[in-house]
Ligand code: PGA
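Residue numbers (the working numbering): 844 to 1096.
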């Protein structure tokens, strides 16, 4: 976990979303392990729940970290279809993506729910990767900073600066996700710089960019002073497209 004042180590997280059977997930891990990943970058993968345990076994002895795509805030109970934090910990999950825009849009995840999940992940010793970002219309109306400020304040409500510094935020403009259009590096950096000042502790946290990040734009994004890494969707589904992003993070962080 990041310590306040420490150098921010680059982090590249692959969000596989609803892709890959267990066999396909294990195959990709074998491909990633066959590549030489630069030691100076933290790399994590977020397979679907069904593949977590098999991927954990496939990752044994590797420095690649295991991440979940979401979780329930409670430890157990009558929540059909949900997954509790202790179940993830038991498998060896160390990171969890919270508040991804697809979960906010399709599963009605609110800012307050993201806050409860963030506190729960920390209680269970997992690093939350809190996703925030504006829609296309909010972007056009100039509401980006207002929106992300509200989202990060809700996500980290009630936490001390030290705990906040141990978390990760991914700024993902919703219009950029899966679209092939990415935010200009300077503009993305300006939003992320704003996020850094929005909550006590975030000045020391790792802040990522997400939204059509690929080998072609990773160097320019990573060269920005406030961008510490990326949350990668489509390009994380194959070693050939994911590994060059990790290399760019190493070369340009
Ligand atoms: P993308 O997805 O890289 O496919 O745009 C990013 C994300 O949704 O985390």
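Ideal placement from N, C-alpha and C gives every residue a C-beta, glycine not left out.
Neighbour-count burial assignment, residue 1014, 16 or more Cβ in a 10 Å radius: By the neighbour-count rule (16 or more Cβ atoms within 10 Å), residue 1014 is buried.
Cβ-Cβ distance between residue 967 and residue 1016 below 8 Å: Pairing residue 967 with residue 1016 gives a Cβ-Cβ distance that is not under 8 Å.
Residue 972 beta carbon near the ligand PGA (any heavy atom closer than 7 Å): No, the Cβ of residue 972 stays beyond 7 Å of every heavy atom of the ligand PGA.
Helix, strand or coil at residue 1074 according to DSSP, with G and I counted as helix: It is a strand residue.
Contact under 8 Å by Cβ, residue 1045 with residue 973: Cβ atoms of residue 1045 and residue 973: not closer than 8 Å.
Touch test, the segment 898-917 against the segment 870-882, Cβ-Cβ under 8 Å, three pairs minimum: Short answer: they touch.
Local Cβ density within 10 Å of residue 1065, reported as buried at 16 or more and exposed below that: With 16 or more Cβ atoms within 10 Å of its Cβ, residue 1065 is classed as buried.
Counted within 10 angstroms of its Cβ, other Cβ atoms place residue 1029 as buried (16 or more) or exposed: Residue 1029 counts as exposed, since fewer than 16 other beta carbons sit within 10 angstroms of its beta carbon.
DSSP state of residue 979 mapped onto helix, strand, coil: Residue state, collapsed to three classes: helix.
Short Cβ contact (8 Å threshold) for residue 990 with residue 977: A Cβ-Cβ contact shorter than 8 Å links residue 990 with residue 977.
Any non-hydrogen atom of the ligand PGA within 7 Å of residue 1072 CB: The ligand PGA has no heavy atom closer than 7 Å to the beta-carbon of residue 1072.
Helix, strand or coil at residue 1040 according to DSSP, with G and I counted as helix: Three-state DSSP puts residue 1040 in a helix.
Proximity test, residue 1053 beta-carbon vs the ligand PGA heavy atom, cut-off 7 Å: For the ligand PGA, at least one heavy atom lies less than 7 Å from the Cβ of residue 1053.
Assigned exposure category for residue 1067 - 16 Cβ within 10 Å defines buried: By the 10 Å Cβ count, residue 1067 comes out buried.
Sequence-distant residues of the same chain with beta carbon closer than 6 Å to residue 1091, five excluded per side: Excluding sequence positions up to five before and after residue 1091, its CB lies within less than 6 Å of the CB of 1061, 1062 and 1065, all in the same chain and listed in chain order.
C-beta atoms of residue 1100 and residue 895 nearer than 8 Å: With the chain covering only 844 through 1096, there is no way to say anything about residue 1100.
Delimiting residues of the alpha helix (DSSP H) encompassing residue 958: Secondary structure note for residue 958: its alpha helix (DSSP H) is the uninterrupted segment 954-966.
Check whether residue 1093 and residue 883 have beta carbons under 8 Å apart: Yes.
Alpha helix (DSSP H) runs wholly inside the segment 883-936, at least 4 long, in chain order: Runs found: 892-901 and 928-934.
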